[in-house]
Amino acid sequence: DGAEEADKRDIYYREAKKEGFRARSAFKLLQIDDELKLLEDKTVRNVADLCAAPGGWSQVLALRLVSDERPPPRIVAVDKYEMQPIAGVVQVQGDITHESTVQQVLQHFEGERADLVVCDGAPDATGRSDFDEYVQHQLLLSELFVAEKLLKEGGVFVAKVFRGEHSGELYARLARDFQEVLCCKPRASRNSSQESFVVCRGYLAKALTVYDASAHEELCDLGPGRPVHQARFVACGGSDSLDADTNYPVASRHQVLQPVAPPIAAPYMEAIEERRRGQKRAL
Ligand code: SAM
769 DGAEEADKRD
779 IYYREAKKEG
789 FRARSAFKLL
799 QIDDELKLLE
809 DKTVRNVADL
819 CAAPGGWSQV
829 LALRLVSDER
839 PPPRIVAVDK
849 YEMQPIAGVV
859 QVQGDITHES
869 TVQQVLQHFE
879 GERADLVVCD
889 GAPDATGRSD
899 FDEYVQHQLL
909 LSELFVAEKL
919 LKEGGVFVAK
929 VFRGEHSGEL
939 YARLARDFQE
949 VLCCKPRASR
959 NSSQESFVVC
969 RGYLAKALTV
979 YDASAHEELC
989 DLGPGRPVHQ
999 ARFVACGGSD
1009 SLDADTNYPV
1019 ASRHQVLQPV
1029 APPIAAPYME
1039 AIEERRRGQK
1049 RAL
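The sequence shown maps to residues 769 to 1051 in UniProt numbering.
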């Protein structure tokens, strides 16, 4: 049936349910971290997970940062949508582009700034790759702007990007703020997808601390000639990892597991509700 087909089609979806992750995307962060050891650093304590629902990345953060060998981390997960609770993670429900959301996140760091800001934010894809790349690019700039307000000097920023025609401009923009910009493709991210993740290390805290729209525009303006910057490509996940593009067969007595924590709310639910309301009005 459909559920078994989904398990067959998507090995990481199947594995996520088996391993207790609420989203397959958890494996993307795990593989990036296995490669770059971002969370091994014992000084990493204050972490913001922007666009976090349903919470797979926050689960990974809690899994790798909560330990007797280090001070308890302050992990703050932000999303427009409510999430099921995760032990060791504080939730802020709000739009990341709102200043009040940023202030709420900062409050949880008790006067300190973030060591790490991760963002797996995605607008709803339309399937038109040039348009999707553009919208993703805009969301990433919003995330970057928030990260600039949260990060401490030397901090790390991880964000989803859709690679395309304008990636060079994006890397150039990021290279202004960070010592190093990498483009990471985890094995859990399909080859057929434009998706990859920038990992920007060594935040140069020269950036804005107070909102100033004109200064922000100036920072984003790459000027005539539009410099193109290459980011070093890093394949994450190792050659023995499962391949996201392969249909792995299921056992003849395959048991379909339920999702770990289905979303409390999701855009598709909103769309169904809107359509229902529209139909009622039409009657
Ligand atoms: N990393 C998550 C996980 O592992 O469970 C999955 C994140 S999901 C791909 C993208 C999320 O981005 C959605 O939950 C969506 O609500 C959120 N999002 C997109 N734009 C946002 C915004 N402006 N403010 C807050 N959340 C946003």
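Ideal placement from N, C-alpha and C gives every residue a C-beta, glycine not left out.
Exercise for the section: Go ahead and pull the three-state DSSP assignment for Y971. Expected result: Correct three-state label for Y971: strand.
Problem - Closest Cα partner of E963 within the set S793, I779 and Y781 - result: Residue S793 is the option with its Cα nearest to E963.
Exercise for the section: Would you mind sorting L950 into buried or exposed? The rule is 16 or more other CB atoms within 10 Å of its CB. Expected result: Buried, by the Cβ-count rule.
Exercise for the section: Just mark A771 as buried or exposed, buried being the case when its beta carbon has 16 or more other beta carbons within 10 Å. Expected result: Looking at its Cβ environment, which holds fewer than 16 other Cβ atoms inside 10 Å, A771 is exposed.
Practice task
Have a look at R1043 and M1037 and give me their C-alpha separation to the nearest angstrom.
Solution key: Rounded to the nearest angstrom, the two C-alpha atoms are 10 Å apart.
Practice task
May I ask whether a heavy atom of the ligand SAM can be found less than 6 Å away from the beta carbon of I854?
Solution key: Not under cutoff, so the answer is no.
Handout entry: DSSP three-state assignment for G1046, whether helix, strand or coil
Key = DSSP places G1046 in helix when its eight states are reduced to three.
Handout entry: Own chain, CB closer than 6 Å to R1000, minus 5 neighbours either side, in chain order
Key = Within the same chain, R1000 has close Cβ partners L950.
Practice task
Consider the C-beta atom of Y849 and the heavy atoms of the ligand SAM; say whether any pair is separated by less than 6 Å.
Solution key: Under cutoff, so the answer is yes.
Practice task
Alpha carbon to alpha carbon, how far is G879 from V870? Give it in angstroms, no decimals.
Solution key: Roughly 13 Å between the two C-alpha positions.
Problem - Secondary structure of I843, DSSP reduced to three states - result: In the structure shown, I843 falls within a strand segment according to DSSP collapsed to helix, strand and coil.
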